[in-house]
Structure formats: structure tokens, C-alpha cells
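Okay, so here's the structure we're looking at.
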Amino acid sequence: MKRKRSGAGPRPRRGQRGDPEAARRKAEARRENAVTPRVRRPEEWPSRREFLTRVGVTGALTIATTYLWLAPEEWPLSLADPTGERGKPKRALFRLPSFRVDPPAGASVLGIAHGKNHRAMLKMAISAIGGITHFIRKGDVVLIKPNVAFDRPPQLGATTNPDVLRALIELVIAAGAAEIRIADNPIESPESCFYKSGIQRVAEETGAELHLPTPSAFETLEVPGARLIERWPFFYAPFRGVDKVIGIAPVKDHNLCHASMTTKNWYGLLGGRR
301 MKRKRSGAGP RPRRGQRGDP EAARRKAEAR RENAVTPRVR RPEEWPSRRE FLTRVGVTGA
361 LTIATTYLWL APEEWPLSLA DPTGERGKPK RALFRLPSFR VDPPAGASVL GIAHGKNHRA
421 MLKMAISAIG GITHFIRKGD VVLIKPNVAF DRPPQLGATT NPDVLRALIE LVIAAGAAEI
481 RIADNPIESP ESCFYKSGIQ RVAEETGAEL HLPTPSAFET LEVPGARLIE RWPFFYAPFR
541 GVDKVIGIAP VKDHNLCHAS MTTKNWYGLL GGRR
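Be aware that the sequence shown starts at 301, since it is given in the working numbering, and climbs by one per residue.
Okay, structure coming up:
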């Protein structure tokens, strides 16, 4: 049963407050305080000269900005930065010396060996191109560059086989090397890559010195006669005082060039936006 509402007046609508007169005054106040959009009078419009001046300035700024961003790096005022090194403190350019050692007369330039014993196969292949003592002299500081690009176990073949690296280090030590360094600039975390690939363990067990990339370990390398890239950040720290450099990498295929073999191993010494 519904209860009757006492009082004779109409029920106030939802949202209506108190005195209707007060509401009316508030509405009038809002109308009075409303901002009327200002319409510019014709005499306030810019003259033709001013309009053309503004258009000219805007066009000049657009052209200048486009030039700054698109002009080649060597052009005046250019902001181009293909190496990512622009704006950083300038470092002296350096060039790598040649570490090339040609095989002796009568020796092959390519040694191929078959078998299951890594050390025996490596020694056989090196003997075919002149023997380890032809390339490594007593007292040499030797840098070995394996492929440690990924944090993958050796079984996947994505990185240098640690057993092959160990066999090479043993041969270099037997040839009389005074110091052996191992270095690479992996694509993934260097610590994880060296550990999971087994390369770190080989370095620790053979006494080789492991060099991991740090920002201060890079210098700007100048490439004489280059047409596309004349200068680029290079993992230089491990090369200081080095007499011989050896690259050792798995023979790999590639999704773009089909067979990168061992050539791209040296790519791992580059820094910057590679």
C-alpha cells in the first residue's frame, strides 16, 4: 500500500535544488560571464606584404630543417649521424696494422682435415698451410677471435666449439706465445654468451685472458679507401700490444647470403649501430 505524500505543492524534479529564483540568477550570471568568440575585423588582417613574409619565413625554416636532417654528414651544418658517434667527445682515429702472415713457399693456403679428434684435425689442417710455428713466434702476444655471438650451448653449433678453441690455444702455447687473449662483441649479453657457449670455461682452464666489451674498449677505426663507411667504432682494447690475430669460427650458413662461412666472424669486432 502506497503512502500519500503530505503537502500540497508539486514534487521537485530530480536534480532541482531549493529556490527556483536562485537557479535563475545563476543561469543569468553564467550567460553574462560567457566569453564571446572574438572575430578579427578586416582592418586587423595582415597585409599582403606581411602574409607573404610569413609564408616565406615558414618555407625557409622548412627547407633549412630538411637540409639539416638529410644533408650528408660532411656537408656544413648537417645533423646526419650514420655511426651514432656524432656529439660524443672526439677521439683520435686509428688504423689497424696488418696481421697477415702468408704461408711458406710450397704450402697450401687452405688446410682441410677429417676425423673426430679436434686437436688432431686442427694440427693436421694447420700443418697443411705451414705449421703453427710458421705463424706464431716465441714471445708473441696472440689474440684469438672466436664467434660468441649468442648465449647458446655448444651442441647447437651457433658459436665456436670450445673443444676446437682449447686445441688451438694448446697449439699456440706450444709454439711459445707469451700471452693469449680471447675477445668478441656478442649480439646478446656478453657475460651470458661467454658462459653458456663454454668459451669462458676454456679461457679459465687454459690461462687465456678474456676480454669482454665495455664502452671504453672501443675506438673509431679509419678504413683507408673505403667507399661506403670510412670510420666506425671498433672493439680495439684487446688489440693493444698484439702481435698476431687468429679468427676461429664455425662454418655457418646464413638466411640472406646462404653461406657466411667464417667471414662474418670479424663483424663481431664492430660497435655502434651494427
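A virtual CB, placed ideally from N, CA and C, is assigned to each residue, including glycine. Remember, predicted model here, so these are calculated numbers, not experimental data.
With a cut-off of 8 Å on the beta carbons, I'd call M424 and A413 a contact; round off their distance for me.
Mapped onto the sequence shown, residue 424 falls at position 124. Mapped onto the sequence shown, residue 413 falls at position 113. About 4 Å; that satisfies the 8 Å criterion.
Under 8 Å by Cβ, that's how I've got L468 and P538 pegged, so tell me the actual separation to the nearest angstrom.
Residue mapping note: residue 468 aligns to position 168 of the sequence shown, counting from 1. Residue mapping note: residue 538 aligns to position 238 of the sequence shown, counting from 1. The Cβ separation is near 16 Å, so there is no contact.
First and last residue of the alpha helix (DSSP H) that includes F435?
Taking the sequence shown and counting its residues from 1, the one referred to as residue 435 is at position 135. Taken as a continuous stretch (DSSP letters only), the alpha helix (DSSP H) holding F435 covers I432 to F435.
Can you tell which of E321, K326 and W566 has its C-alpha closest to the C-alpha of I487?
For the purposes of this step, residue 487 is taken as residue 187 along the sequence shown, with counting starting at 1. Of the candidates E321, K326 and W566, the one whose C-alpha sits nearest the C-alpha of I487 is W566.
Between the alpha carbons of F494 and P533, how many angstroms are there, rounded?
Your numbering for residue 494 matches position 194 in the sequence shown. Your numbering for residue 533 matches position 233 in the sequence shown. If I take the Cα positions, the gap works out to 22 Å.
Would you decide whether G315 is buried or exposed? Buried here means 16 or more other CB atoms lie within 10 Å of its CB.
If you number the sequence shown from 1, residue 315 lands on position 15. Because G315 sits at a pLDDT of 47, beneath the cut-off of 50, its placement in the model cannot be relied upon, and the following sentence gives the value as read from the coordinates. Under this definition G315 is an exposed residue.
Which residue's Cα is closest to the Cα of E575: K438, K445 and T358?
Residue numbering for the chain in the displayed model covers 301 to 574; residue 575 lies beyond these limits and cannot be assessed.
Neighbour-count burial assignment, F490, 16 or more Cβ in a 10 Å radius
Taking the sequence shown and counting its residues from 1, one reaches residue 490 at position 190. The sequence shown places Pro at residue 490, rather than the Phe named in the question. By the neighbour-count rule (16 or more Cβ atoms within 10 Å), P490 is buried.
Could you tell me the alpha carbon to alpha carbon distance between S378 and K564, rounded to whole angstroms?
On the sequence shown, residue 378 is found 78 positions in, with the first residue counted as 1. On the sequence shown, residue 564 is found 264 positions in, with the first residue counted as 1. Their Cα atoms are separated by approximately 32 Å.
So, for G411: in the same chain, excluding its five sequence neighbours on each side, which residues have a beta-carbon less than 8 Å away from its beta-carbon?
Indexing the sequence shown from 1 puts residue 411 at position 111. Once the five neighbours on either side are set aside, the close Cβ partners of G411 are M424, A425, I426, S427, A428 and I429.
Rounded to the nearest angstrom, what separates T365 and R349 at their Cα positions?
Taking the first residue of the sequence shown as 1, we reach residue 365 at position 65. Taking the first residue of the sequence shown as 1, we reach residue 349 at position 49. About 24 Å.
Do you know offhand how far D463's Cα is from I473's?
As a first step, residue 463 is located in the sequence shown; it is residue number 163 there, counting from the start. As a first step, residue 473 is located in the sequence shown; it is residue number 173 there, counting from the start. About 15 Å.
With DSSP as the reference, label G568 as helix, strand or coil.
Sequence index remark: in the sequence shown, residue 568 carries index 268 (1-based). Looking at G568 - three-state DSSP - the assignment turns out to be helix.
Do D440 and A483 have their C-beta atoms within less than 8 Å of each other?
Position 140 of the sequence shown, counting from 1, holds the residue named residue 440. Position 183 of the sequence shown, counting from 1, holds the residue named residue 483. No. Outside cutoff.
Three-state secondary structure (DSSP) of P320
Numbered from 1 along the sequence shown, position 20 holds the residue referred to as residue 320. If DSSP states are grouped into helix, strand and coil, P320 belongs with the helices.
Please classify Q455: is it buried, with 16 or more other beta-carbons within 10 angstroms of its beta-carbon, or exposed?
What you label residue 455 is simply residue 155 of the sequence shown in a count that begins at 1. The residue in question, Q455, is exposed, as its Cβ has fewer than 16 Cβ neighbours within 10 Å.
If you follow the beta strand (DSSP E) that V545 is part of, which residue opens it and which one closes it?
Start at 1 with the first residue of the sequence shown, and residue 545 comes out as number 245. Counting along the chain, the beta strand (DSSP E) containing V545 begins and ends at K544 to I548.
Backbone secondary structure at W369 - three-state DSSP:
Numbered from its first residue, the sequence shown carries residue 369 at position 69. Three-state DSSP puts W369 in a helix.
Return the chain-ordered list of same chain residues with a C-beta closer than 8 Å to the C-beta of M301, the five sequence neighbours on each side being excluded.
Within the sequence shown, residue 301 is the residue found at index 1, counting from 1. In this prediction, M301 has a pLDDT of 48, which is less than 50 and means its spatial position is unreliable; what the coordinates show is noted afterwards. Excluding residues within five positions, none has a Cβ falling inside 8 Å.
Can you tell me where the beta strand (DSSP E) holding R574 begins and where it ends?
Within the sequence shown, residue 574 is the residue found at index 274, counting from 1. Per DSSP, R574 belongs to no beta strand (DSSP E) and is neither H nor E.
Using the Cα positions of S398 and G356, report the straight-line distance between them to the nearest angstrom.
Position 98 of the sequence shown, counting from 1, holds the residue named residue 398. Position 56 of the sequence shown, counting from 1, holds the residue named residue 356. Roughly 56 Å between the two C-alpha positions.
Anyone know if the C-beta pair for N485 and G568 falls short of 8 Å?
Indexing the sequence shown from 1 puts residue 485 at position 185. Indexing the sequence shown from 1 puts residue 568 at position 268. Cβ atoms of N485 and G568: closer than 8 Å.
M561 by DSSP, collapsed to three states: which one?
The residue you call residue 561 lines up with position 261 of the sequence shown. DSSP places M561 in strand when its eight states are reduced to three.
Can you tell me whether DSSP reads D553 as helix, strand or coil?
On the sequence shown, position 253 is the one that residue 553 refers to. D553 falls in the strand class under three-state DSSP.
Inter-residue Cα distance where the pair is N555 and T562:
Translated into the one-based positions of the sequence shown, residue 555 becomes position 255. Translated into the one-based positions of the sequence shown, residue 562 becomes position 262. Distance between the alpha carbons of N555 and T562 is about 15 Å.
Any C-beta of chain D under 8 Å from that of A371:
Note that chain D does not occur in the displayed structure, where there is just one protein chain.
Relative to the C-alpha of H418, which candidate in F518, T520, E470 and K326 has its C-alpha closest?
Locating residue 418 in the sequence shown gives position 118, counting from the first residue. With distances taken between Cα atoms, H418 lies closest to E470.
Determine which residues share a DSSP beta bridge with E328 and list them.
Numbered from 1 along the sequence shown, position 28 holds the residue referred to as residue 328. BP columns for E328 are empty, so no partner.
Could you spell out where the beta strand (DSSP E) holding I444 opens and where it closes?
Numbered from its first residue, the sequence shown carries residue 444 at position 144. Taken as a continuous stretch (DSSP letters only), the beta strand (DSSP E) holding I444 covers V441 to P446.
What residue range does the beta strand (DSSP E) around H511 cover?
In the sequence shown, counting from the first residue as 1, residue 511 sits at position 211. From DSSP, the beta strand (DSSP E) with H511 extends over E509 to H511.
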